[in-house]
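Sequence lines, in order, name chains A and B.
Reminder that position 104 of the first sequence reads as 100 in the working numbering, one-by-one numbering, no gaps.
With positions in the second sequence counted from 1, the corresponding number in the working numbering is that position plus 2.
Beta carbons: idealized from backbone N, C-alpha and C, even for Gly.
Here the structure is a predicted model, which means the values were calculated and not measured.
To start, the structure itself, in structure tokens.
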Amino acid sequence: MIRSSINRRSLLKAGAAGLAASALPFGLARAQTPIVLGAVYVGPRDDFGWNQAHAVAMDVLKQVPGVTVIEEENVPETDAVSKSMESMINLDGANLVLATSFGYYKPFVVESAKKYPAVQFRHAAPLWNKDTDPANAGSYFCYLNQAHFVDGVAAGLSSASGKIGFVAAKPIPSVLSNINSVLLGARSVNPNATVQVIFTGEWSLPVREAEAANALIDAGCDVITCHVDGPKVVIETAEGRGVKSCGHNASQAPLAPKGFITGAEYKWETIYKIYADALAKGEALPNFIAGGYHNDMLRNSAYGAGATPEAIKAADAAIEGLKAQKPIYVGPLKDNKGNVVIDGTKDNYDPVLDGMDYLLEGVVGSTT
Amino acid sequence: MSENGLVIVLIAMLGGAIRVSTPFMFVALGETLTEKSGRINLGLEGNLVLGAMVAYAGSYQTGSPWLGVLFAGLAGLVLGAMHGWICKLPKVNDIAVGIAFMSFGTGLAFFFGKPYIQPTAPRLEAIPLGWWSSNPSIAQALQVNPLFLVGIALAVFMWWALANTRWGLIVRMTGDSAASARAMGVSIDLVRLLATAAGGFLAGVGGAFLSLYYPGSWNEGLSSGQGLMAVALVIFARWDPVRCVWAALLFGAAGAIGPSLQSIGISQGYYFFNAAPYILTLFIMIASARSKSAARDVPGELSLAK
């Protein structure tokens, strides 16, 4: 599969070069394969969260000459995504598909990649396995838990009760890692801090998210953060109840003028810029890109009125530490059932962490 | 579960019933009125979502949330009237039209709602009915939105009016026997048009509650099928407005079980607890809808009953 696609590419390149040499000076730029990029989102593109972070960064790719971006939003993580991708490929001629939601990968992206070997698929979660998965698929991901660690540091010093509430969608590794990192961040400045988590079970369920935020506040949490697709409802509920909040995915600072501390944000544009450069040069896209603070793929939202001066100082120091790859998971660490889950110090990009299925001691909640 | 935990869950259920039930209540009351006149409008989910969008946009543009509520009602009224008008044409199936209107309403709302996802609109204020309590979670649970009280008053009024007024009699007669209505010189098309339009108005107001009070913002995932559930609640409530209120309260309370159990540390099996409202509805449906009296409550002209 790889070989044939490389052959085709080099053939086209040779053709392009020949054309350029024989004729007009702008021949090279013209003759490159036109890229039709299909982007699939699980929710609306302007949800103050996950999808917005992707859609905003997609502008980087739209700027590349010869790249056409087609987008579809509100595509559920079901067979519907296969149909969306097929129609992008067959009707719109897409030759690069960016599937931006976790649940798209297996079986939908994998099956489609097998079915359409000439089309490149990239999926936004660290799930691609070079041994078992098709070579025309791939993953890209930012380890947002590093920014959540910074949230935890700031929250730990901005909370009076030391109880942080976390509204989570589903107990998948990246969500669990965010929860655990908030805890470790908070504990790094306040050893008695706890994180209480409520799972809603879905990426976007505004009424239940509001119910969960209310339940956490009723349970005594005075900082609320979340990992759901659109954090708007959670942040506004916290602000309405007069407690502080930390954001997720995109900046929610305008929604909580009184209580916003900071928030964990992706910089997808860094990855999309790498794709855009590769596309502009006609090179193959990397199969696997992952990153975090050390390679400029994350940021924390500007501090809001909820952040205390010492919280800002400690959070800034934490960011500097992460840029220098200071590890978050320093063992031995126990899960909240008492088993030792991490014995030594783990690098922030250690693949073992991608399979996280536990909540650390200090987190109130359960994954099932 | 400790006693303290039980109290927390019960307070959370009370709060959940008050916070979450209002949209169910309005849609169910609207649907009751429509079905009492002999027609089913399955499209109220569309009215709910469009109402939520229009209310948010109206509140944002005018600065007055109550104007937003009015606009939401009017948007619902227009959708309802269109449904009513199309259904009076010969050989039109009201269920099919309803499904079309569900997609039409949500589609319109998504299309025109794009610019309003980001801004923050003024919201409806709550009345703090829990001032007497020193327990902050009770005080919080009893933050009551005026629309909730309006909904209850409306249910009692509808219950009285359907039984005791001439208009109520006409609506019930149109719903139970079109032939008798015609013999009385009543225009059944007009009655059903008005009943569907009024039902649409109420569903639109229910949507306004979603976007302007709880959860209190406009986005495309806002309703998650609440309008459809409310239509089912009407059958569950056997076409009785007061029972609609109870059904809506029960549904809201059951929805609060999942998050509140997790908040007191009972976090195993949250998928199951989150499904509580649906499981509960299913069981009560089985228990109540089997009886012969349930069959008697169905308006005779409904395409369901025929």
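Item: Given 8 Å, three or more beta-carbon pairs between the stretch 121 to 132 of chain B and the stretch 228 to 242 of chain B; Value: no
Item: Contact list for leucine 110(B) against chain A, beta-carbon separation under 7 Å; Value: Near leucine 110(B) there are no residues of chain A at all, since even the closest Cβ is about 15 Å away, more than 7 Å.
Item: Segment contact, 8 Å Cβ cut-off, at least three pairs: the stretch 105 to 121 of chain B with the stretch 54 to 69 of chain B; Value: yes
Item: Cβ shell of alanine 183(B) (< 8 Å), same chain only, five flanking positions each side left out; Value: Ile172, Met175, Thr176, Ile190 and Val193
Item: Asparagine 296(A), enclosing beta strand (DSSP E) - first and last residue; Value: 294 to 296
Item: Spatial neighbours of alanine 185(B) in its chain, beta-carbon cut-off 7 Å, leaving aside the 5 residues before and after; Value: none
Item: Inter-residue CB distance, alanine 301(A) and valine 60(A) (contact presumed, cutoff 8 Å); Value: Their Cβ separation, rounded to whole angstroms, is 39 Å, which puts alanine 301(A) and valine 60(A) out of contact at 8 Å.
Item: Contact between the stretch 70 to 77 of chain A and the stretch 278 to 287 of chain A (3+ Cβ pairs under 8 Å); Value: no
Item: is_contact[asparagine 188(A), chain B] using C-beta, thresh 8 Å; Value: no
Item: Under the three-state DSSP convention, the category glutamate 68(A) falls into; Value: strand
Item: Endpoints, the alpha helix (DSSP H) within which alanine 95(A) is located; Value: Taken as a continuous stretch (DSSP letters only), alanine 95(A) belongs to no alpha helix (DSSP H), being part of the beta strand (DSSP E) at 92 to 95.
Item: Top-ranked residue by Cα proximity to isoleucine 175(A), from Arg118(A), Glu235(A) and Ala260(A); Value: Ala260(A)
Item: Residues in the stretch 34 to 62 of chain B having any Cβ partner in chain A nearer than 7 Å; Value: none
Item: CA-to-CA distance, serine 262(B) to isoleucine 338(A), given in whole angstroms; Value: 31 Å
Item: Nearest candidate by alpha-carbon position, reference histidine 290(A), set Ile270(A), Thr258(A) and Asn344(A); Value: Asn344(A)
Item: Identity of the residue in Ala164(A), Phe162(A), Ser157(A) and Gly152(A) nearest glycine 181(A) by Cα; Value: Gly152(A)
Item: Identity of the residues DSSP links to phenylalanine 284(A) by a beta bridge; Value: Ser135(A)
Item: Continuous alpha helix (DSSP H) stretch holding serine 78(A): start and end; Value: 75 to 86
Item: Residues near glutamine 321(A) by beta carbon distance below 8 Å, same chain, minus five either side; Value: His290, Asp343 and Asn344
Item: Limits of the unbroken beta strand (DSSP E) element including cysteine 217(A); Value: It is not in any beta strand (DSSP E) - cysteine 217(A) carries neither H nor E in the DSSP assignment.
Item: Contact set for asparagine 186(A): own chain, Cβ-Cβ below 6 Å, skip 5 residues either direction; Value: Gly152 and Gly158
Item: DSSP three-state assignment for isoleucine 168(A), whether helix, strand or coil; Value: coil
Item: Residue from Val193(A), Asp225(A), Gly226(A) and Thr233(A) whose Cα sits closest to the Cα of tyrosine 216(B); Value: Thr233(A)
Item: Phenylalanine 162(A) and glutamine 192(A) closer than 8 Å at C-beta; Value: yes
Item: Status (buried if at least 16 other CB within 10 Å, exposed otherwise) for valine 239(A); Value: buried
Item: Interface residues of the stretch 184 to 218 of chain B facing chain A [CB-CB below 9 Å]; Value: Leu212, Tyr216, Pro217 and Gly218
Item: The stretch 37 to 44 of chain B touching the stretch 95 to 114 of chain B, judged by at least three CB pairs closer than 8 Å; Value: yes
Item: CB contact below 8 Å: serine 362(A) versus chain B; Value: yes
Item: Chain B contact residues for asparagine 70(A), given Cβ-Cβ distances below 9 Å; Value: Phe112, Glu222 and Gly223
Item: Beta-carbon separation (whole angstroms), glycine 337(B) vs alanine 74(B), contact threshold 8 Å; Value: Chain B is shown from 3 up to 308; residue 337(B) falls before or after that span and cannot be answered.
Item: Proximity below 8 Å, CB of glycine 216(A) to CB of tyrosine 272(B); Value: no
Item: Outcome for glutamine 116(A) when other beta-carbon atoms lying within 10 angstroms are tallied against a minimum of 16; Value: buried
Item: Uninterrupted alpha helix (DSSP H) stretches inside the stretch 152 to 210 of chain A (no shorter than 4 residues); Value: 169 to 185
Item: Contacts around alanine 143(B), its chain only, beta-carbon distance under 7 Å, and the 5 residues preceding and following it disregarded; Value: Ile13, Leu16, Gly17, Ile20 and Gly132
Item: CB contact below 8 Å: isoleucine 175(A) versus chain B; Value: no
Item: Alpha-carbon spacing of leucine 201(A) relative to aspartate 225(A), whole angstroms; Value: 9 Å
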